[in-house]
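In what follows, a structure is listed as structure tokens, so that the remarks can point back to it.
In my numbering, the protein residues as written are 1 to 352.
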């Protein structure tokens, strides 16, 4: 009588645990009882997982050496450590050749392992417990990133979206190709998918940002020729169409080099110490790329200035217009500070 009460209590506990989850009750089945006589041999009362690892949604109640098979309802599997049916994918029950997660997790206090057979599932082991998780549809588990990322369930390869930032500088923000409520952030060549706040969409304009004033949002625009650098919150020289920063344009360029801006004709790029700066043309004027000398003399006092493209030349400006171009002798470059040609490297524009 006590044994029957124990079994009834154990099954009642299963029902209580289940009810806390989703209000279901495990029910008895008979077609999977054949061949289970040995499992209960010599056992009076016990509850065991089904010996067939592919039937992880079933468990066996041994009552006086007789096996009775019970099945969790659809969408749940049996967890022997909890003596309960828990949410799980029964189609992914471990095969006999699969990893013994209980043994693997028993040796660690905190770890995450990818499923070797299913790329969209992973196992979390907190304090020796086994917890299986499934990525959302269209995502696969990335052990390197420790997250579910967009990928193919057929090929188990991450989508090209995750390679977007491989050659982009830090701070670049790009729209997600499929979802307007998410965007991509670049850091050290890696791509991070960021979710917008609930109910918000990503603004694709990287030259625009929102600030807060007295609890109210205020939209600001970067100056022409610049885009927002997310990590610093500052506007930096960049291409508004591609949202890429202009960081390499002045590499190995002599000081004073003038370049077209990719988006605007009323501003231009000026190189100084191989660093990009954005300069605005006078009001009502635009850059003439074929004649950068004219830009170099605008609003400048009469005098001599280093040529914007060749530091071995000097440019004579008079009343805002270039009057003449003079070449320094030999391996010399023009030094604006002392207003004379000095020995230097015409390629790097460095004195000496």
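Glycine included, C-beta positions come from ideal geometry on N, C-alpha and C.
For residue 161, which of helix, strand or coil comes out of DSSP?
Locating residue 161 in the chain shown gives position 161, where the first residue counts as 1. Helix.
Starting from the N-terminal side, write out each stretch of the beta strand (DSSP E) that is 3 residues or longer and does not extend beyond the segment 57-133.
58-63, 66-71, 76-79, 84-87, 110-114 and 121-126
Integer-rounded CB distance, given that residue 130 should sit under 8 angstroms from residue 101
Against the chain shown, residue 101 aligns to sequence position 101. Against the chain shown, residue 130 aligns to sequence position 130. Sure, about 5 angstroms apart at Cβ, within 8 angstroms.
Straight-line Cα distance separating residue 322 from residue 335
Taking the first residue of the chain shown as 1, we reach residue 335 at position 335. Taking the first residue of the chain shown as 1, we reach residue 322 at position 322. Computed Cα separation, rounded: 18 angstroms.
For residue 244, count neighbouring Cβ atoms within 10 angstroms of its own Cβ and tell me buried if that reaches 16, exposed if not.
For the purposes of this step, residue 244 is taken as residue 244 along the chain shown, with counting starting at 1. Buried: at least 16 other Cβ atoms inside 10 Å.
Taking the Cβ atom as the reference point for each residue, do residue 255 and residue 271 lie within a distance shorter than 8 angstroms?
Walking along the chain shown from the start, residue 255 turns up at place 255. Walking along the chain shown from the start, residue 271 turns up at place 271. Yes, the pair counts as a contact, with Cβ atoms nearer than the cut-off.
Roughly how many angstroms lie between the CA atoms of residue 196 and residue 178, to the nearest whole one?
For this step, residue 196 is matched to residue 196 along the chain shown. For this step, residue 178 is matched to residue 178 along the chain shown. Distance between the alpha carbons of residue 196 and residue 178 is about 14 angstroms.
Mapping DSSP to helix, strand and coil, what is residue 222?
Working through the chain shown from its first residue, we reach residue 222 at position 222. Reduced to three states, the DSSP call for residue 222 is coil.
Residue 240: which of 251, 253, 223 and 232 sits nearest, CA to CA?
If you number the chain shown from 1, residue 240 lands on position 240. Checking every option, the nearest Cα to that of residue 240 belongs to 223.
Residues of its chain near residue 319, where Cβ-Cβ distance is below 8 angstroms and the 5 sequence neighbours each way are ignored
In the chain shown, the residue the question calls residue 319 occupies position 319. 302, listed in sequence order.
Taking 7 angstroms as the limit between beta carbons, can you name the residues of its chain near residue 352, skipping five residues before and five after?
Residue 352 sits at position 352 when you count from the first residue of the chain shown. Result list for residue 352: 343 and 344, in chain order.
Bounding residues of the beta strand (DSSP E) (the contiguous stretch that carries residue 283)
Taking the first residue of the chain shown as 1, we reach residue 283 at position 283. Here residue 283 belongs to no beta strand (DSSP E), and DSSP marks it neither H nor E.
Tell me which residues share the same chain as residue 200 and place their Cβ nearer than 8 angstroms to its Cβ, disregarding the 5 neighbours each side in the sequence.
Within the chain shown, numbered from 1, the residue matching residue 200 stands at position 200. Cβ neighbours of residue 200 beyond the five flanking positions: 181.
Beta-carbon within less than 7 angstroms of residue 72's beta-carbon, same chain only, minus the 5 sequence neighbours each way: which residues are those?
Position 72 of the chain shown, counted from the first residue, corresponds to residue 72. Cβ within range, chain order: 26, 57, 78 and 85.
Would you mind stating whether residue 338 and residue 312 have Cβ atoms separated by less than 8 angstroms?
On the chain shown, residue 338 is found 338 positions in, with the first residue counted as 1. On the chain shown, residue 312 is found 312 positions in, with the first residue counted as 1. No; because the gap between Cβ atoms is not below 8 angstroms, this pair is not in contact.
By DSSP, does residue 39 sit in helix, in strand, or in coil?
Indexing the chain shown from 1 puts residue 39 at position 39. Correct three-state label for residue 39: helix.
How is the beta strand (DSSP E) around residue 242 delimited, first residue to last?
Residue numbering aside, residue 242 sits at position 242 when the chain shown is read from its first letter. That residue, residue 242, is in no beta strand (DSSP E); it is neither H nor E in DSSP.
Let me confirm a value: residue 126 is counted as buried when at least 16 other C-beta atoms fall within 10 Å, else exposed. Which label applies?
Within the chain shown, residue 126 is the residue found at index 126, counting from 1. It is exposed - the Cβ of residue 126 has fewer than 16 other Cβ atoms within 10 Å.
Taking only three categories from DSSP, how would you classify residue 235?
Numbered from its first residue, the chain shown carries residue 235 at position 235. It is a strand residue.
Once DSSP output is grouped into helix, strand and coil, what is the label at residue 22?
By one-based count along the chain shown, residue 22 stands at place 22. A caution first: residue 22 carries a pLDDT of 45, below 50, which makes its placement in the model unreliable, though a value can still be read off. Correct three-state label for residue 22: coil.
Measuring straight from C-alpha to C-alpha, what distance separates residue 40 and residue 80?
For the purposes of this step, residue 40 is identified with residue 40 of the chain shown, where counting begins at 1. For the purposes of this step, residue 80 is identified with residue 80 of the chain shown, where counting begins at 1. The alpha-carbon atoms of residue 40 and residue 80 are separated by roughly 16 angstroms.
When DSSP labels each residue in this structure, what does residue 346 get in the three-state scheme?
Locating residue 346 in the chain shown gives position 346, counting from the first residue. Coil, per DSSP.
Around the C-beta of residue 172, are 16 or more other C-beta atoms found within 10 angstroms, so that it is buried, or is it exposed?
As a first step, residue 172 must be located in the chain shown, where it is residue number 172. That one is buried.
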